[in-house]
Amino acid sequence: GAVVSQHPSRVICKSGTSVKIECRSLDFQATTMFWYRQFPKQSLMLMATSNEGSKATYEQGVEKDKFLINHASLTLSTLTVTSAHPEDSSFYICSASHGGGRDEAFFGQGTRLTVV
Amino acid sequence: EDQVTQSPEALRLQEGESSSLNCSYTVSGLRGLFWYRQDPGKGPEFLFTLYSAGEEKEKERLKATLTKKESFLHITAPKPEDSATYLCAVQGSDSWGKLQFGAGTQVVVTP
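Order-wise, the sequence lines are chains A and B. Using this note's numbering, read the first sequence as starting at 1 and increasing by one per residue. Using this note's numbering, read the second sequence as starting at 117 and increasing by one per residue.
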């Protein structure tokens, strides 16, 4: 399967600061990447769709000014959690797919964010 | 709205005890149904994609099947290393690549 790398795997930050999470497709180009959030014992909830060269599309209820997404190249998307608060503590996961008729998505290893 | 329901929520098996996980779905035009495995603190690992009713796919001790309303993941003679949460997700024809996930089934296989 394709490789998607996410960094960092864990981060602890102070309340009010911003945190950037990177998602890279290592062996293929991804025009679209997706960002998910997962709370303990719950499933993945889609936050936004990241489109290379254009604005991200956010799901209902997700604050676009709080969760800034940039997809500057065909292999890199970033999620910045701005002015983080303890309630933003969660497991964030990105995914990417080949496109072109192959629909399976490959996921990064996830980022555990803890805001103190 | 696409919906995915997985059952049971949790399953405890003895090594070698075969069982099946269920994924019921409603979607406007199924583009694909996906099975993933997720270990604690990790991202989901792709297992299978099923596209049409009647399709089956196998990988080692796992076999996935699909009907028009549900999918099953059969685990044959499981080993402790099969312990994980198994996630089912659907992609609708108008979803633009988005996946709708079920809550998952947590499987524990004891020696």
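Built from N, CA and C at the ideal position, the CB exists for glycine as well. Treat the numbers as computed from the prediction; the structure is a model and nothing was measured.
query: Close-in-space but distant-in-sequence residues of the same chain around Trp35 of chain A (CB under 6 Å, 5 per side omitted); result: Met47, Ala48, Leu79 and Cys94
query: Buried versus exposed call for Ser134 of chain B [16 or more other C-beta atoms within 10 Å across all chains shown]; result: exposed
query: Within-8 Å CB hit, Ser15 of chain A to chain E; result: In the displayed structure, chain E is absent; the protein chains listed are A and B.
query: Assigned secondary structure, Glu186 of chain B (DSSP; H/G/I helix, E/B strand, else coil); result: strand
query: Beta-carbon contacts of Glu59 of chain A that lie in its chain and below 7 Å, excluding the five residues immediately before and after; result: Leu46, Met47 and Ala48
query: Helix, strand or coil at Asp103 of chain A according to DSSP, with G and I counted as helix; result: strand
query: Chain A contacts from the stretch 149-161 of chain B (Cβ-Cβ distance under 9 Å); result: Phe150, Tyr152, Gln154, Gly157, Lys158, Gly159, Pro160 and Glu161
query: Residues near Phe164 of chain B by beta carbon distance below 6 Å, same chain, minus five either side; result: Trp151, Lys173 and Ala180
query: Alpha-carbon to alpha-carbon, Lys14 of chain A and Leu116 of chain B; result: Missing from the structure shown is residue 116 of chain B; chain B here goes from 117 to 227 and no further.
query: 8 Å Cβ cut-off: residues of chain A touching Arg147 of chain B; result: Asp103
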